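**Student:** So the protein lines, in turn, are chains Y and V. If you want our numbering, it's the 1-based position in the first sequence plus 35. If you want our numbering, it's the 1-based position in the second sequence plus 35. Glycine residues also receive a C-beta, built at the ideal position from the N, C-alpha and C atoms. Treat the numbers as computed from the prediction; the structure is a model and nothing was measured. Below you'll find the structure I mean.
Number of protein chains: 2
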Amino acid sequence: MKLTEAEWQIMNALWQKHPATAREVMDRLDRRVQWAYTTIKTMLTRLVEKKAVGEIKQGNTSVYDPLVSQQKARLSAFRSLLDQAFDGAMGPLVHFLAEEKQLSAKEKKELARILESEAENKGE
Amino acid sequence: MKLTEAEWQIMNALWQKHPATAREVMDRLDRRVQWAYTTIKTMLTRLVEKKAVGEIKQGNTSVYDPLVSQQKARLSAFRSLLDQAFDGAMGPLVHFLAEEKQLSAKEKKELARILESEAENKGE
DNA sequence: AAGATTTTACTACATCTGTAGAAGGCGCCA
DNA sequence: TGGCGCCTTCTACAGATGTAGTAAAATCTT
């Protein structure tokens with residue numbers, strides 16, 4: 036389930052609250068996104084075709100519901116990034132994150148802390 | 036500097052060893068990628084147009100060199116993913132990673148460990 | 001130097017993406 | 001009941017992307 040950039044915008048809005056009509060999706064779209072109503076309808080239609088979203092008619096109006104969870108979509112995007120840009124492995128990503136000056140030490144520590152504790156209590 | 040999927044393939048090959056000719060890039064392409072020589076040339080040309088790659092003629096043959104570092108490209112891809120799929124923040128990503136069963140506790144701990152130590156000695 | 005091989009520069013073309021307009025249908029209000 | 005406003009379905013269309021073929025020029029090989 037590969038989503039395009041524009042599709043992510045729509046999905047993000049839909050995950051926020053659903054089921055939702057096209058108009059509701061529109062209202063919840065990121066502020067930076069200023070699309071015509073029909074553009075949103077087009078995206079929604081394409082997402083329905085891709086089975087990423089379900090559509091039911093409520094009278095004359097369509098109501099949409101995500102068919103893929105945010106978690107699933109995120110996983111797929113994450114894996115793609117890993118494959119494409121990090122040799123498909125966590126190692127290079129970790130290395131990159133560690134090297135990256137753009138991430139403050141604070142962010143890194145936070146990241147480390149959460150992962151640490153998660154690994155602790157969910158560890159197998 | 037946004038790279039497409041196909042462009043990543045080329046860049047990955049080019050970062051491996053450079054400068055390199057189109058033919059050398061071809062030889063280093065991921066095994067799964069079976070492109071015609073001219074396809075590679077086309078990609079290279081487009082990358083030159085985008086200023087992601089430099090080109091110099093060595094006699095009749097072009098030799099290419101990356102103009103963007105792998106680190107930079109990775110950062111840009113990482114940020115895009117963050118913006119698009121994780122509300123632009125590390126928080127949700129961390130959360131996702133922690134929740135994600137696909138990542139073993141071992142991987143998580145490893146990740147945590149490296150980040151922790153990095154944060155320690157480079158910390159500001 | 002002629003043939004074989006390699007490279008280059010152009011052109012091609014189907015899909016996918018982003019973005020929307022047009023036109024027709026439906027319900028509600030005056 | 002005639003509009004007004006909102007919803008729907010279709011159609012459009014340019015630019016990006018993936019993937020190459022052609023033909024001509026340069027180079028190597030005997």
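Along chain V, in chain order, which residues have C-beta atoms closer than 8 Å to that of residue 59 of chain Y?
**Tutor:** Counting from 1 along the first sequence, the entry for residue 59 of chain Y is found at position 24. Here the premise fails: no neighbours, minimum Cβ distance about 19 Å.
**Student:** Taking the DSSP output, what are the residues bridged to residue 92 of chain Y?
**Tutor:** In the first sequence, residue 92 of chain Y corresponds to position 57, counting from 1. Answer is Y/97.
**Student:** With which residues is residue 55 of chain Y paired in a DSSP beta bridge?
**Tutor:** Reading the first sequence from its first residue, position 20 is the one you call residue 55 of chain Y. DSSP, once it has assigned bridges, lists Y/99 as partnering residue 55 of chain Y.
**Student:** What in chain Y is Cβ-close to residue 112 of chain V, meaning under 8 Å?
**Tutor:** As a first step, residue 112 of chain V is located in the second sequence; it is residue number 77 there, counting from the start. 116, 119 and 120, listed in chain order.
**Student:** Is residue 69 of chain Y helix, strand or coil when you go by DSSP?
**Tutor:** Against the first sequence, residue 69 of chain Y aligns to sequence position 34. In the structure shown, residue 69 of chain Y sits in coil (DSSP, three-state: anything other than H, G, I, E or B).
**Student:** In the DSSP assignment, find the unbroken alpha helix (DSSP H) run with residue 36 of chain Y in it and report its ends.
**Tutor:** One-based indexing of the first sequence puts residue 36 of chain Y at position 1. Where residue 36 of chain Y is concerned, there is no enclosing alpha helix (DSSP H), given that its DSSP letter is neither H nor E.
**Student:** Please state the DSSP three-state secondary structure of residue 135 of chain V.
**Tutor:** Here residue 135 of chain V refers to the residue found at position 100 when the second sequence is read from its first residue. DSSP places residue 135 of chain V in coil when its eight states are reduced to three.
**Student:** Between the C-alpha atoms of residue 147 of chain Y and residue 72 of chain Y, what's the straight-line distance to the nearest angstrom?
**Tutor:** Residue mapping note: residue 147 of chain Y aligns to position 112 of the first sequence, counting from 1. Residue mapping note: residue 72 of chain Y aligns to position 37 of the first sequence, counting from 1. Each residue's Cα considered, the two are about 42 Å apart.
**Student:** Give the straight-line distance between the Cα atoms of residue 159 of chain Y and residue 110 of chain Y, rounded to the nearest whole angstrom.
**Tutor:** Indexing the first sequence from 1 puts residue 159 of chain Y at position 124. Indexing the first sequence from 1 puts residue 110 of chain Y at position 75. Bear in mind that the predicted position of residue 159 of chain Y carries a pLDDT of just 36, short of 50, making it unreliable; the figure below should be weighed with that in mind. Distance between the alpha carbons of residue 159 of chain Y and residue 110 of chain Y is about 21 Å.
**Student:** What residue range does the alpha helix (DSSP H) around residue 120 of chain Y cover?
**Tutor:** Position 85 of the first sequence, counted from the start, is the residue given in the question as residue 120 of chain Y. 105 to 120 is the extent of the alpha helix (DSSP H) around residue 120 of chain Y.
**Student:** Tell me the DSSP secondary structure of residue 126 of chain V in three-state form.
**Tutor:** Working through the second sequence from its first residue, we reach residue 126 of chain V at position 91. Note: residue 126 of chain V maps to helix in three-state DSSP.
**Student:** For residue 68 of chain V, tell me which candidate among V/83, V/97 and V/43 has the shortest Cα-Cα distance.
**Tutor:** Taking the first residue of the second sequence as 1, we reach residue 68 of chain V at position 33. Residue V/43 is the option with its Cα nearest to residue 68 of chain V.
**Student:** Report the neighbours of residue 41 of chain V on chain Y: residues whose CB is nearer than 7 Å to its CB, in chain order.
**Tutor:** In the second sequence, residue 41 of chain V corresponds to position 6, counting from 1. Simply none; closest approach about 10 Å.
**Student:** Among Y/108, Y/47, Y/37 and Y/129, which has the Cα closest to the Cα of residue 122 of chain V?
**Tutor:** If you number the second sequence from 1, residue 122 of chain V lands on position 87. Comparing Cα-Cα distances from residue 122 of chain V to each of Y/108, Y/47, Y/37 and Y/129, the minimum goes to Y/47.
**Student:** List the residues of chain V whose Cβ lies closer than 8 Å to the Cβ of residue 109 of chain Y, in chain order.
**Tutor:** The residue labelled residue 109 of chain Y in the question sits at position 74 within the first sequence. Result: 120, 121 and 131.
**Student:** Can you pull the chain Y residues whose beta carbon is under 9 Å from the beta carbon of residue 106 of chain V, in chain order?
**Tutor:** As a first step, residue 106 of chain V must be located in the second sequence, where it is residue number 71. The answer, in chain order, is 131, 134 and 135.
**Student:** I need the DSSP call for residue 64 of chain Y, collapsed to helix, strand or coil.
**Tutor:** The residue labelled residue 64 of chain Y in the question sits at position 29 within the first sequence. Residue state, collapsed to three classes: coil.
**Student:** Just verifying my parser: in three-state terms, what is the DSSP assignment at residue 147 of chain Y?
**Tutor:** Within the first sequence, the letter at position 112 stands for residue 147 of chain Y. Looking at residue 147 of chain Y - three-state DSSP - the assignment turns out to be helix.
**Student:** To which residues of the same chain is residue 90 of chain Y closer than 6 Å at the C-beta, ignoring the five residues directly before and after it?
**Tutor:** For the purposes of this step, residue 90 of chain Y is taken as the residue at position 55 of the first sequence. Within the same chain, residue 90 of chain Y has close Cβ partners 83, 97 and 99.
**Student:** For residue 48 of chain Y, which of helix, strand or coil comes out of DSSP?
**Tutor:** By one-based count along the first sequence, residue 48 of chain Y stands at place 13. Three-state result, residue 48 of chain Y: helix.
**Student:** Is it the case that the Cβ atoms of residue 49 of chain Y and residue 55 of chain Y are separated by a distance below 8 Å?
**Tutor:** Along the first sequence, one-based indexing puts residue 49 of chain Y at 14. Along the first sequence, one-based indexing puts residue 55 of chain Y at 20. It is a contact, given that the beta carbons lie within the stated cut-off.
**Student:** On the criterion of 16 or more Cβ atoms from any shown chain inside 10 Å, does residue 124 of chain Y qualify as buried, or is it exposed?
**Tutor:** Translated into the one-based positions of the first sequence, residue 124 of chain Y becomes position 89. With fewer than 16 other Cβ atoms within 10 Å, it is exposed.
**Student:** Answer with buried or exposed for residue 51 of chain V, where buried requires no fewer than 16 other C-beta atoms within 10 angstroms of its C-beta.
**Tutor:** If you number the second sequence from 1, residue 51 of chain V lands on position 16. Exposed is the call here.
**Student:** Rounding to the nearest angstrom, what Cα-Cα distance links residue 58 of chain V and residue 94 of chain V in this structure?
**Tutor:** Reading the second sequence from its first residue, position 23 is the one you call residue 58 of chain V. Reading the second sequence from its first residue, position 59 is the one you call residue 94 of chain V. Near 15 Å, if we compare the C-alpha coordinates of residue 94 of chain V and residue 58 of chain V.
**Student:** What's the gap between the Cα of residue 113 of chain V and the Cα of residue 36 of chain V?
**Tutor:** Counting from 1 along the second sequence, the entry for residue 113 of chain V is found at position 78. Counting from 1 along the second sequence, the entry for residue 36 of chain V is found at position 1. About 12 Å.
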